[in-house]
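Participant: Please find one structure pasted underneath; my questions will follow.
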Ligand code: UDX
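Here you go:
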């Protein structure tokens, strides 16, 4: 049993706190938001994450997991403190580090005994050294501490299982003893542990996310070529994926990546390259393809429906991906805003993201279920690949629509099956239909 403090209870912090307490450690999680902390004490989660509320409740009851707004309480017994605060995109794509600075300063002012400070927030390369300087400069009296970078690789919607089954744990520090202690904390997870220097650990995180984003933009570009040549990108990806050097994951063509990490991290890495006079040629293309992919979906709709003015368009799903209520950088925003600006009526259904989405797009007309959404629509666009959309009664959907037009921006359905049902159907990169038209 170790004593751990976690600063920030967003996705990363809450998962870190809940999962480390579940491993038998005592964890005190600190957040500056009184509302968040008050809610968490009542087991009301700040985010939608499958399995999270059960995990939090169980560990609170076992008196291993505590929430507070007080750094004093958080750090009282702590040997390790994880910084898990947000690092939003600032001007020019540069990561905004104000919350990391605040956390580092407050830790420095509050700590009464030696600490290992672990950076989990995704921060520009060099931030570990910067945090170390801030703590040194802010401490009223010198107390020993070490900074370790331990980047997170959690996917929203799968955060708990990703925490418990990591592909690897990356630790970076100038202090080998501290890195070894953090390695001990991660031993129960039985994953390979890479111990390296601070800057390399920080870079591993950016390079990993940029590579995954590149895979997505790559397959989206291939999808567009497939549309012109009559090949089916789903089968192309499957065929490529058997090659172990390529792998079959992250090759799903669609509407492009969104979320809190990929857009921000690719931008931040490109920014770091630019600042140092290195032209980030590939990263720039990755971002450009991703932006275009959203417009590509809109073009597909317009090809089938003509002008969207006066039409009723239904969006199946709003969250940036399934199993989350996160709307950050969600492709649905680009699509809905375009439709709204071009005077369409924009309707939507999402099982969990509706409330968050309405804050960003108050003009949206929300439906209670996919069938209510489809009723009277001129077209439906599948924006988020929620499981519950995979086996809809598509005959019923077709019958309630004003025009049976379906743009499947996530390739959830089989083109031929949809055409057989009488839909005018377009997926992403699915080749030609029987008449030589792209599907
Ligand atoms: C990602 C990384 O996977 C994780 O390691 C990192 O720490 C945080 O960022 P997350 O943003 O939760 O996690 O989502 P992820 O499942 O990786 O998907 C990112 C985006 O790419 C989503 O918009 C998703 O819909 C899209 N995507 C993913 C595709 O379009 N095609 C794919 O094949 C895979």
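Residue numbers (our numbering): 84 to 522.
Every residue, glycine too, gets a C-beta built ideally from N, C-alpha and C.
Because the structure is a prediction, the values reported are computed rather than measured.
Three or more C-beta pairs under 8 Å: does that hold for the region 359–369 against the region 435–450?
Facilitator: no
Participant: Would you kindly work out how many angstroms separate the C-alpha atoms of residue 172 and residue 459, rounded to a whole number?
Facilitator: The residue given as residue 172 occupies position 89 in the chain shown. The residue given as residue 459 occupies position 376 in the chain shown. The straight-line gap from Cα to Cα measures roughly 39 Å.
Participant: Using a Cβ-based criterion (distance less than 8 Å to any ligand heavy atom), does residue 239 qualify as near ligand 1?
Facilitator: Position 156 of the chain shown, counting from 1, holds the residue named residue 239. Checking every heavy atom of ligand 1 against the Cβ of residue 239, one is found closer than 8 Å.
Participant: Note the first and the last residue of the continuous beta strand (DSSP E) segment covering residue 151.
Facilitator: The sequence position of residue 151 within the chain shown is 68, counting from 1. Note, residue 151: beta strand (DSSP E), 148–151.
Participant: Just the Cα atoms here: how many angstroms apart are residue 342 and residue 297?
Facilitator: Counted from its first residue, the chain shown places residue 342 at position 259. Counted from its first residue, the chain shown places residue 297 at position 214. Cα atoms of residue 342 and residue 297: separation of roughly 15 Å, rounded to the nearest angstrom.
Participant: Using only CA atoms, which one of 295, 377, 169 lies nearest to residue 97?
Facilitator: In the chain shown, the residue the question calls residue 97 occupies position 14. That would be 169, whose Cα lies nearest to the Cα of residue 97.
Participant: If I follow the unbroken alpha helix (DSSP H) through residue 462, where does it start and stop?
Facilitator: Here residue 462 corresponds to residue number 379 of the chain shown, with the count starting at 1. Careful: residue 462 lies outside any alpha helix (DSSP H), inside the beta strand (DSSP E) at 462–465.
Participant: Measuring alpha carbon to alpha carbon, tell me which of 240, 146, 101 ends up nearest residue 137.
Facilitator: Mapped onto the chain shown, residue 137 falls at position 54. Taking only the C-alpha atoms, the option nearest residue 137 is 101.
Participant: Have a look at 477, 474, 94, 410 and flag the residue whose alpha-carbon is nearest the alpha-carbon of residue 243.
Facilitator: Taking the first residue of the chain shown as 1, we reach residue 243 at position 160. Closest option to residue 243, Cα to Cα, is 94.
Participant: Compute the Euclidean distance between the alpha carbons of residue 320 and residue 165, then round it to the nearest angstrom.
Facilitator: Taking the chain shown and counting its residues from 1, one reaches residue 320 at position 237. Taking the chain shown and counting its residues from 1, one reaches residue 165 at position 82. Computed Cα separation, rounded: 38 Å.
Participant: Residue 449 bridges to which residues according to DSSP?
Facilitator: Numbered from its first residue, the chain shown carries residue 449 at position 366. DSSP lists 431 as partners of residue 449.
Participant: Counting along the chain, where does the beta strand (DSSP E) carrying residue 88 start and finish?
Facilitator: Numbered from its first residue, the chain shown carries residue 88 at position 5. Unbroken beta strand (DSSP E) run through residue 88: 86–90.
Participant: So is the beta-carbon of residue 342 under 8 Å away from any non-hydrogen atom of ligand 1?
Facilitator: Sequence index remark: in the chain shown, residue 342 carries index 259 (1-based). Yes; taking the cut-off as 8 Å, the Cβ of residue 342 has a heavy atom of ligand 1 nearer than that.
Participant: Pairs of beta-carbons, one from the region 368–378 and one from the region 459–476, closer than 8 Å: are there three or more?
Facilitator: Counting Cβ pairs under 8 Å, fewer than three are found: no touch.
Participant: Who does residue 491 pair with in a DSSP beta bridge?
Facilitator: As a position in the chain shown, residue 491 is number 408, starting the count at 1. In DSSP, residue 491 forms a bridge with 465.
Participant: So, using beta-carbon positions, are residue 336 and residue 305 closer together than 9 Å?
Facilitator: Taking the first residue of the chain shown as 1, we reach residue 336 at position 253. Taking the first residue of the chain shown as 1, we reach residue 305 at position 222. Going by C-beta atoms, residue 336 is nearer than 9 Å to residue 305.
Participant: What does the alpha-carbon distance come out to for the pair residue 562 and residue 413?
Facilitator: Residue 562 lies beyond the residue range present for the chain, which begins at 84 and ends at 522; the question has no answer from this structure.
Participant: Where do the N-terminal and C-terminal ends of the beta strand (DSSP E) with residue 583 fall, by residue?
Facilitator: Shown here, the chain extends from 84 to 522; a query on residue 583 therefore has no answer.
Participant: Evaluate the contact criterion for the region 388–402 versus the region 111–124: three or more CB pairs, one atom per stretch, below 8 Å.
Facilitator: Judged by Cβ distances under 8 Å, the region 388–402 makes no contact with the region 111–124, as fewer than three pairs qualify.
Participant: Run the proximity test for residue 235: is its beta-carbon closer than 8 Å to any non-hydrogen atom belonging to ligand 1?
Facilitator: Locating residue 235 in the chain shown gives position 152, where the first residue counts as 1. Residue 235: yes, Cβ under 8 Å from ligand 1.
Participant: Report the residue from 223, 212, 177 whose alpha carbon sits nearest the alpha carbon of residue 196.
Facilitator: To locate residue 196, count along the chain shown from 1; it is residue 113. Nearest option by C-alpha distance: 223.
Participant: Of all the options 514, 508, 245, which has the alpha carbon lying nearest to the alpha carbon of residue 386?
Facilitator: As a position in the chain shown, residue 386 is number 303, starting the count at 1. The shortest C-alpha separation from residue 386 is found at 508.
Participant: Between 348, 418, 180, 268, which lies nearest to residue 291 when the distance is taken from Cα to Cα?
Facilitator: Taking the first residue of the chain shown as position 1, residue 291 is located at position 208. Ranking the options by Cα distance to residue 291, first place goes to 348.
Participant: Across the region 420–430 and the region 480–499, are there enough close Cβ pairs to call them in contact, namely three or more that are closer than 8 Å?
Facilitator: no
Participant: CA-CA distance, residue 353 and residue 344?
Facilitator: Indexing the chain shown from 1 puts residue 353 at position 270. Indexing the chain shown from 1 puts residue 344 at position 261. Rounded to whole angstroms, the gap between the alpha carbons of residue 353 and residue 344 is 14 Å.
Participant: Quickly, what does DSSP pair residue 375 with across the bridge? List them, please.
Facilitator: The residue labelled residue 375 in the question sits at position 292 within the chain shown. Answer is none; residue 375 lacks a bridge partner.
Participant: Can you tell which of 309, 111, 133, 285 has the C-alpha that lies nearest to the C-alpha of residue 124?
Facilitator: Position 41 of the chain shown, counted from the first residue, corresponds to residue 124. When each option's Cα is compared against that of residue 124, the closest is 111.
Participant: Less than 9 Å separating the beta-carbons of residue 312 and residue 324?
Facilitator: What you label residue 312 is simply residue 229 of the chain shown in a count that begins at 1. What you label residue 324 is simply residue 241 of the chain shown in a count that begins at 1. No, these two residues do not count as a Cβ contact at 9 Å.
Participant: Which runs of the beta strand (DSSP E), 3 residues or longer, sit entirely within the region 342–429?
Facilitator: 395–399
Participant: Does DSSP put residue 338 in a helix, in a strand, or in coil?
Facilitator: Taking the first residue of the chain shown as 1, we reach residue 338 at position 255. Correct three-state label for residue 338: coil.
Participant: Could you check whether the Cβ of residue 292 sits closer than 8 Å to any heavy atom belonging to ligand 1?
Facilitator: Counting from one through the chain shown, the residue named residue 292 turns up at place 209. Result yes, Cβ under 8 Å from ligand 1.
Participant: Check this for me: beta carbons of residue 90 and residue 103, under 9 Å apart or not?
Facilitator: Here residue 90 is taken as the residue at index 7 of the chain shown, counted from 1. Here residue 103 is taken as the residue at index 20 of the chain shown, counted from 1. Going by C-beta atoms, residue 90 is not nearer than 9 Å to residue 103.
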